[in-house]
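K.L.:
Before I ask anything, let me first share the structure, which is written out below as structure tokens.
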Amino acid sequence: MSSYRTGEFQVGVFPDAFAYTHYFTALVTPHRKRRVTERNWEGFFTAASKLLYHDHRDFNELVELTAWLFEDCGGAFPFLPEDHPDRKVTRVAQIRWFYDTALSYMKGGTTRSYVAKVRYDRPLANAAAEQKIQDLVDAYGRWQNHEPDEFLRNNWAKTLRIMHGHDRHSLADIAEVVTAMPALGEYEDLRRYRHVFALRQEFTWLLELARALEGQYPTTQQILVSDASPMRSAP
């Protein structure tokens, strides 16, 4: 890391911050999509200096906490929801922001096996993903020729968020099944799918069936999505 302009940071005055920045950079690099730039490194050093000399964090404790985050937690804060923008650790500043909470989790032995409680009855923090959820609610009502009331919409949306966030089904896969529902009626009694909950229970089977029938029903873009809809960019 000798290419960075370490002299500007008065390395002799802040040796621990300098050493920690090198340590953090070595751990975070494999988890980043882009290389660590000089500007990134300067930001790491500044945050490390604040942790050690402004917040008076113990150097050895900071190193131990950082190792725990990357080696035991996969480079993520286990107490933040998966759609939280700061869940993945990419900057030293994040460790400073969540230091006390992360430390308490480390001392309590809680790692990435812990799943933070997510309020699926609330809209997703990601506005684009939430719009896709609402598009799916609309589409689910259309194939049933039924306009759901507010109570039913909320319940359907909650179940779809659970399918996406907890069950780890992509929104594109969910859309594929919803799109195929009219065609699936030739092989399945669809009356039991009046509620999205039943769709969730048998989703894997329905997805396999939908893919087996591919080409026998309109595409997701044709039936579910308009040209301007965010669903066109579903992950």
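For what it's worth, numbering that gives the first Met the number 0 labels the leading residue of the sequence shown as 0, then goes sequentially.
Cβ atoms here follow ideal geometry from the backbone N, Cα and C, with glycine treated the same way.
(1) Do the segment 133-151 and the segment 167-185 make contact, defined as three or more Cβ pairs closer than 8 angstroms?
(2) Pairs of beta-carbons, one from the segment 205-214 and one from the segment 151-167, closer than 8 angstroms: are there three or more?
(3) When the distance is taken between beta carbons, is K157 closer than 8 angstroms to Y119?
(4) Does K32 come out as helix, strand or coil in the three-state DSSP assignment?
(5) Based on Cα-Cα distance, which residue from W96, L102, P84, E213 lies nearest to A126?
(6) How big is the Cα-Cα spacing for L183 and L189?
(7) Starting from the Cα of E201, find the closest Cα among F76, F44, E187 and give me that residue.
(8) Are there 16 or more other CB atoms within 10 angstroms of the CB of P29, so buried, or fewer, so exposed?
(9) Give the DSSP bridge partners of A75, in chain order.
(10) Alpha carbon to alpha carbon, what distance is there between D82 and R199?
(11) If you measure between the beta carbons of F17 and F43, is that distance less than 8 angstroms?
(12) Please list, in chain order, all residues of the same chain as Q93 whose beta carbon is under 7 angstroms from its beta carbon, the five residues on each side excluded.
(13) Within the same chain, show all residues whose beta-carbon is closer than 7 angstroms to that of G140, passing over the 5 residues directly before and after it, in chain order.
(14) Y104 to L68, Cα distance in whole Å?
(15) To the nearest angstrom, how far is the alpha carbon of G74 from that of R56?
P.N.:
According to the structure data:
(1) They touch, by the three-pair rule.
(2) By the C-beta criterion, the segment 205-214 is judged not to be in contact with the segment 151-167, since fewer than 3 inter-stretch pairs fall below 8 angstroms.
(3) Residue 119 sits at position 120 when you count from the first residue of the sequence shown. Residue 157 sits at position 158 when you count from the first residue of the sequence shown. Going by C-beta atoms, Y119 is nearer than 8 angstroms to K157.
(4) Taking the first residue of the sequence shown as 1, we reach residue 32 at position 33. Note: K32 maps to coil in three-state DSSP.
(5) For this step, residue 126 is matched to residue 127 along the sequence shown. Ranking W96, L102, P84, E213 by Cα distance to A126 puts P84 first.
(6) As a first step, residue 183 is located in the sequence shown; it is residue number 184 there, counting from the start. As a first step, residue 189 is located in the sequence shown; it is residue number 190 there, counting from the start. Using only the alpha carbons, I get a separation of about 8 angstroms.
(7) As a working note, residue 201 is residue 202 in the sequence shown. Minimum Cα distance to E201 is reached at E187.
(8) Here residue 29 refers to the residue found at position 30 when the sequence shown is read from its first residue. Classification of P29: exposed, given that the 10 Å Cβ count is below 16.
(9) Walking along the sequence shown from the start, residue 75 turns up at place 76. In the DSSP output, where bridge partners are listed per residue, A75 has K87.
(10) Numbered from its first residue, the sequence shown carries residue 199 at position 200. Numbered from its first residue, the sequence shown carries residue 82 at position 83. R199 and D82 have their C-alpha atoms some 21 angstroms from each other.
(11) Mapped onto the sequence shown, residue 17 falls at position 18. Mapped onto the sequence shown, residue 43 falls at position 44. Between F17 and F43, the CB-CB gap reaches or exceeds 8 angstroms.
(12) Looking up residue 93 in the sequence shown gives position 94. Sequence-distant Cβ neighbours of Q93 in its own chain, meaning closer than 7 angstroms and more than five residues away, are D85.
(13) Counting from 1 along the sequence shown, the entry for residue 140 is found at position 141. Once the five neighbours on either side are set aside, the close Cβ partners of G140 are E146, P147.
(14) Your numbering for residue 104 matches position 105 in the sequence shown. Your numbering for residue 68 matches position 69 in the sequence shown. For Y104 and L68, the distance between alpha carbons rounds to 10 angstroms.
(15) Sequence index remark: in the sequence shown, residue 74 carries index 75 (1-based). Sequence index remark: in the sequence shown, residue 56 carries index 57 (1-based). Separation of G74 and R56 (C-alpha to C-alpha, rounded to the nearest whole angstrom) is 20 angstroms.
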